Amino acid sequence: MNLKIMGSALIIAGTALGAGMLAIPMVLAQFGLLWGTLLMLIIWSGTTYAALLLLEASIKAGGGLSMNTIARKTLGKGGQVVTNGLLYALLVCLLMAYIIGAGDLVKKMAASAGLELTMLQTQVAFTLIAGVVVAAGTAVVDKLNRVLFGMMLVVLVMTLFSLVPSISMENLLTVTSDSKVDLIKTSSVLFTSFGFMVVIPSLVTYNEGASQKQLRNMVVIGSIIPLFCYLLWLYAAVGNLTSEQLVHFANVSELIAALGTKYSSIHTILSVFTGLALLTSFLGVAMSLYHQNEDAFKQNRVVTYVLTFIFPLIGALLAADQFLAVLGYAGIILVFLAIFVPMAMTVKVRQQDNDQIQLQAAQTAEGMLYQASGGNIALGLSFLFGCFLLMAQVI
Numbered sequence: 449m450n451l452k453i454m455g456s457a458l459i460i461a462g463t464a465l466g467a468g469m470l471a472i473p474m475v476l477a478q479f480g481l482l483w484g485t486l487l488m489l490i491i492w493s494g495t496t497y498a499a500l501l502l503l504e505a506s507i508k509a510g511g512g513l514s515m516n517t518i519a520r521k522t523l524g525k526g527g528q529v530v531t532n533g534l535l536y537a538l539l540v541c542l543l544m545a546y547i548i549g550a551g552d553l554v555k556k557m558a559a560s561a562g563l564e565l566t567m568l569q570t571q572v573a574f575t576l577i578a579g580v581v582v583a584a585g586t587a588v589v590d591k592l593n594r595v596l597f598g599m600m601l602v603v604l605v606m607t608l609f610s611l612v613p614s615i616s617m618e619n620l621l622t623v624t625s626d627s628k629v630d631l632i633k634t635s636s637v638l639f640t641s642f643g644f645m646v647v648i649p650s651l652v653t654y655n656e657g658a659s660q661k662q663l664r665n666m667v668v669i670g671s672i673i674p675l676f677c678y679l680l681w682l683y684a685a686v687g688n689l690t691s692e693q694l695v696h697f698a699n700v701s702e703l704i705a706a707l708g709t710k711y712s713s714i715h716t717i718l719s720v721f722t723g724l725a726l727l728t729s730f731l732g733v734a735m736s737l738y739h740q741n742e743d744a745f746k747q748n749r750v751v752t753y754v755l756t757f758i759f760p761l762i763g764a765l766l767a768a769d770q771f772l773a774v775l776g777y778a779g780i781i782l783v784f785l786a787i788f789v790p791m792a793m794t795v796k797v798r799q800q801d802n803d804q805i806q807l808q809a810a811q812t813a814e815g816m817l818y819q820a821s822g823g824n825i826a827l828g829l830s831f832l833f834g835c836f837l838l839m840a841q842v843i
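Per the numbering used here, the very first residue in the sequence shown carries number 449; after that it's consecutive.
Here is the structure:
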């Protein structure tokens, strides 16, 4: 696996690893680690397979394309309109949430340094500076993300080293709720935490010439990294705080404060982690929206920049203090975009003959078209997985 593919896997992992990671112990602690781990593995499996379906559709559509063009080539103009609508809504909601979160974090950091800034100033500064980085190209995002992700892993390891020695087995084994309905409701939080599929078309373009095995490994490794990070953090947090404490926290700040009371260095470390997680997630999502707009508006850089960054910034300014609400809307949209749309694309390209629809299908050295494994059984399970997530959103 070369550095470019590995860097792309880290972009996937960085896009998935957001500040929502800190909320995972708050929603899963009451059900015990066995059920929490099992549910997380189910969400990871379903999300990763759907990402591989999107990879298949992207490759068979010719590669080097945005979601916009892939949808048009596989689902026609009607499917293109629906996909674009869902994608824009999702990416804009996510960028709004990240701008709100990052603006608040920058404001607090500036205050600690003796510099008083308004939320407007911090949000505008963060968006414009990060926007320049994204507009510079995927290669720049890749290299910066490697550094940021490395820093984030170091911070996570420091946190775990602080928490692991004091883990209580009694806390780990305690179950305070056996409600499977409440457990299923947490699926939306976990699913949003694995929402990395939007970057796949951009990364297929970036890794033009890579083999199908490399691209598949890029997706799988990129999804496994956040899975292990989530599980390790879950065990460490639940082992140090009781489930009664965790379920009564109103927000992540209270969780950080509780751990900070117990360990003085944790508050600063987790604040740094939250900032890095927001930034890596912002870069991945913004890169996807930038390439989507670039494809739709024929690479007009001014229009592309305005639509990618200025519109979400205006939305963030209008929706101040609505970080979790905006993420909730994004979770509902993500079910359709991350599960049902890739499945429909894949069904279409598998049904149609490549010569008849003239797809510029990328091929491996053996001349075989890439296809996600599992056949129709796996597609059926993916459909049921999507239905399960929708049910979790509405019950």
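Quick reminder that beta carbons are idealized off the backbone N, C-alpha and C, glycines included. Given the structure is predicted, the values throughout are model-derived calculations rather than measurements.
- Note on the segment 615-645: whole alpha helix (DSSP H) runs with a minimum of 4 residues are 617-621, 628-633 and 635-641, in chain order.
- Lys-508: member of the alpha helix (DSSP H) spanning 480-508, first to last residue.
- Annotated three-state conformation of Lys-521 is helix, per DSSP.
- By the neighbour-count criterion, in which 16 or more other beta carbons inside 10 Å mark a residue as buried, Arg-749 falls on the exposed side.
- In its chain, beyond the 5 residues on either side, Gly-494, Tyr-497, Ala-498, Leu-501, Ile-787 and Met-791 have a beta carbon closer than 8 Å to the beta carbon of Ser-830.
- Spanning the alpha carbons of Leu-782 and Val-754 requires a straight line of approximately 24 Å.
- The residues Gly-779, Ala-840 and Gln-841, in chain order, have a CB closer than 6 Å to that of Ser-636 in the same chain once the five nearest residues on each side in sequence are set aside.
- For Gly-732, the closest C-alpha among the options Leu-465, Asn-450, Leu-451 and Lys-452 is that of Leu-465.
- Rounded to whole angstroms, the separation of the alpha carbons of Ser-641 and Gly-763 is 22 Å.
- In this structure, Leu-724 sits near Leu-596, with a CB-CB distance shorter than 8 Å.
- Classified as buried, Gln-571 has 16 or more neighbouring CB atoms from the shown chains inside 10 Å of its CB.
- Within the segment 741-800, no run of beta strand (DSSP E) at least 3 residues long lies entirely inside it.
- Annotation: Glu-564 is outside any alpha helix (DSSP H) and is labelled neither H nor E by DSSP.
- Rounded to whole angstroms, the gap between the alpha carbons of Pro-674 and Pro-760 is 26 Å.
- Where Tyr-683 is concerned, the enclosing alpha helix (DSSP H) starts and stops at 660-688.
- In this structure Glu-692 is exposed. Its beta-carbon is surrounded by fewer than 16 other beta-carbon atoms within 10 angstroms.
- Per the C-alpha coordinates, the member of Leu-486, Trp-492, Gly-823 and Ser-627 positioned closest to Phe-639 is Trp-492.
- In the DSSP assignment, Leu-470 falls outside any alpha helix (DSSP H), carrying neither H nor E.
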